[in-house]
Amino acid sequence: MSKKVTMQQIADQVGVSKFAVSKALAGKSGVSAETRERIIGAATQLGYFVQKRPKGGGLRAMAEQQTGQTQRDTIIVLIPNVRYQNRHSFYWGRIIDGITTGLEEHHIGIMIVTEHITDNFSKLINPEGVLGLIGVGLISNQLLLEIRNLGIPFVMVDHEDPLIPSDALFMNNYECVRRVTNYLLGNGHRSLQFVGNTRYSRSFYDRWLGFRSMLEEQEVPLAQSPRLMSFEGDNRSEITETLEGILQEMASEDGLPTAFVCANDSIAICVMTVLMKMGINVPDQISVTGFDNIEDAAMASPTLSTVHVNKEALGQRAVETLLWRIRHPDGPKERILLSGDFVLRQSTASAIGPADGGR
């Protein structure tokens with residue numbers, strides 16, 4: 031049996047004090063983000079996070095009683111980025127609706143935490159009264175460490191931390207975008223561009239991988255513009271303005287593709303807005319696809335071809351996954367992928383040649 035990994039071992043490997051390791055692994059402030067990443071990375075390599083944790087009495091007892099539902103248990107839904115991830119969002123709001131429905135079916139209470147918390151999470155909640163936690167979207171590893179150290183079972187939706195293992199649920203982003211890309215290739219498109227900041231989320235990155243792999247499989251040269259994979263914007267207005275500059279430059283330099291595969295529907299709608307300003311017809315000159323099938327996709331002009339994400343089902347499945355984790359605390363972590371359907375609408379058509387805006 032292997033020996034227990036100590037904080038001193040981690041400190042020695044990273045070259046910091048044991049005190050710094052303690053602060054970092056507790057999810058507390060006082061350690062720079064770079065040092066925290068190095069400490070968590072070393073802890074992961076040494077096997078610190080796979081060690082058995084103490085069986086915290088109150089929470090474990092509640093978990094064991096969960097099937098009987100003899101008390102009013104509470105599950106926290108954590109949404110740290112309230113500007114974009116809230117109940118009014120076309121995407122995140124529907125996931126939260128699914129979580130709420132799933133918890134109601136099991137008669138479990140819900141507490142939605144919408145503050146961007148970076149420290150002292152335990153002061154906001156009563157860990158002994160929390161059955162589990164569902165994280166929706168991007169959550170910092172500092173906060174995930176604090177949740178883990180509190181002994182709270184947790185499941186992530188549309189996010190996973192490479193250094194802190196947990197159950198995670200995603201759409202099958204990779205395969206869904208492969209299907210979209212294959213459809214466009216089958217309709218004669220040979221000049222395609224992916225649009226979306228791959229650093230924004232794991233889902234965006236997986237969608238890029240799906241796009242790239244299908245081009246490679248079909249032996250279509252990849253001539254991806256890095257600018258379309260790194261642009262930023264906090265809303266559609268900012269994204270549209272940024273993309274307008276990029277697409278204008280592309281049109282004047284190497285020419286535009288015949289198809290844009292966008293990381294989500296909002297980006298796709300922005301792309302179509304820019305193309306319309308440039309006098310380019312969608313889909314006669316350029317096809318555009320999205321992902322998520324938000325309400326705006328069916329109301330766009332032209333209506334947007336996209337991947338339908340059953341957002342409510344994603345939320346409900348997160349509840350079932352968390353309840354399974356509570357009953358099986360030592361079971362292997364799972365990465366669950368839900369399939370999505372390609373919804374064909376008016377924004378896609380067969381390719382007719384290189385897009386230059388002048389046809």
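So the sequence shown is numbered by this note's numbering: it starts at 31 and just counts up by one.
The C-beta atom is built at its ideal place from N, Cα and C for all residues, glycine as well.
For clarity, every value in this text was computed on a predicted model and none was experimentally measured.
Within 7 Å, strictly: CB atoms of F151 and E176: Yes, these two residues count as a Cβ contact at 7 Å.
Can you look up D314 in the DSSP assignment and give me helix, strand or coil? In the structure shown, D314 sits in coil (DSSP, three-state: anything other than H, G, I, E or B).
Alpha carbons only, please: which of Y230, A73, Y78 and R375 is nearest the one belonging to S260? Nearest in C-alpha terms to S260, of all of Y230, A73, Y78 and R375, is Y230.
How many angstroms separate the CA atom of L245 from the CA atom of P251? Rounded to the nearest angstrom, the two C-alpha atoms are 7 Å apart.
Would you check if the distance between the CB atom of I129 and the CB atom of G345 is smaller than 7 Å? Yes, Cβ-Cβ distance for I129 and G345 is below 7 Å.
How close, in whole Å, do the beta carbons of L353 and H136 come, if the pair is a contact with beta carbons under 8 Å? With a beta-carbon spacing of about 7 Å, L353 and H136 fall inside the 8 Å limit used to define contacts.
Indicate whether T336 and G320 have their beta-carbon atoms separated by less than 7 Å. In contact: T336 and G320 (Cβ atoms closer than 7 Å).
In angstroms with no decimal places, state the Cα-to-Cα distance between R68 and Q172. If you take the alpha carbons of R68 and Q172, they lie about 13 Å apart.
If I measure Cβ to Cβ from H219 and keep anything under 6 Å in the same chain, skipping five residues before and after, which residues do I get? Within the same chain, H219 has close Cβ partners T288, A289 and A381.
Same chain, Cβ closer than 8 Å to Q248, five either side skipped, listed in chain order: The residues N212 and L215, in chain order, have a CB closer than 8 Å to that of Q248 in the same chain once the five nearest residues on each side in sequence are set aside.
Contact between the stretch 234–244 and the stretch 199–208 is defined here as three or more beta-carbon pairs at a separation below 8 Å; is this criterion met? Yes: the two stretches touch, three or more of their Cβ pairs being nearer than 8 Å.
Compare the C-alpha of D264 against each of T272, L258 and A330 and name the closest. Checking every option, the nearest Cα to that of D264 belongs to T272.
Helix, strand or coil for I105 per DSSP? The answer is strand: DSSP assigns I105 an E or B state.
Say whether the stretch 290–300 touches the stretch 324–331, bearing in mind that this needs 3 or more beta-carbon pairs closer than 8 Å, one atom from each stretch. These segments touch.
Using DSSP's beta-bridge definition, name the partner residues of Q223. Paired residue(s): F290.
CB-CB under 7 Å to F306, same chain, minus the five flanking residues each way: which ones, in chain order? Looking at the sequence provided, one finds Met at residue 306 rather than Phe. If we look at M306 and ignore the five residues flanking it on each side, it has no Cβ neighbours.
Please state the DSSP three-state secondary structure of M244. If DSSP states are grouped into helix, strand and coil, M244 belongs with the helices.
Output needed for I70: all residues of its chain with C-beta closer than 8 Å, excluding positions within five of it in sequence on either side, in chain order. So the qualifying residues of the chain are A54, L55, N171, L175, L193 and I194.
Any idea if D42 is buried or exposed, counting beta-carbon neighbours within 10 angstroms, 16 or more meaning buried? So D42 ends up on the exposed side.
Pull up the CB-CB distance for E342 and T351, whole angstroms please, since I reckon it's below 8 Å. Contact between E342 and T351 does not hold, since the beta-carbon distance rounds to 15 Å and is not under 8 Å.
Indicate the three-state DSSP secondary structure (helix, strand or coil) for T319 in the structure shown. DSSP places T319 in strand when its eight states are reduced to three.
Tell me, please, which residues DSSP counts as bridged to T130. In DSSP, T130 forms no bridge with anything.
What would DSSP say about A379, mapped onto helix, strand or coil? The three-state secondary structure of A379, taken from DSSP, is coil.
Secondary structure of S47, DSSP reduced to three states: Note: S47 maps to coil in three-state DSSP.
For the ligand MG, any of its heavy atoms closer than 6 Å to the Cβ of T351? In the structure shown, the ligand MG is absent, as is every other ligand, since no ligand is present at all.
Within 7 Å, strictly: CB atoms of F120 and I324: Yes, the pair counts as a contact, with Cβ atoms nearer than the cut-off.
I need the straight-line Cα distance from V232 to G167, nearest angstrom please. Strictly speaking, residue 232 in this sequence is Arg, with Val absent from that position. Here the C-alpha atom of R232 lies approximately 10 Å from the C-alpha atom of G167.
Limits of the alpha helix (DSSP H) - the one that G60 falls within: G60: not part of any alpha helix (DSSP H); DSSP gives it neither H nor E.
How big is the Cα-Cα spacing for N340 and E205? Within the model, the alpha-carbon separation for N340 versus E205 is close to 15 Å.
Could you tell me whether the Cβ atoms of T270 and T228 are closer together than 7 Å? No. Outside cutoff.
Look at the Cβ atom of I155, then the Cβ atom of V107, and state whether they are nearer than 7 Å. The answer is no: Cβ separation not under 7 Å.
By the DSSP assignment, the beta strand (DSSP E) with D197 in it spans what residues? Start and end: D197 to M201.
Nearest residue (CA-CA) to R242, options N217, E274 and R209: It is R209.
If you draw a straight line from the C-alpha of G240 to the C-alpha of V207, how long is it? Rounded to the nearest angstrom, the two C-alpha atoms are 5 Å apart.
Where does F120 sit, in a helix, a strand or coil, going by DSSP? Here F120 sits in coil by DSSP.
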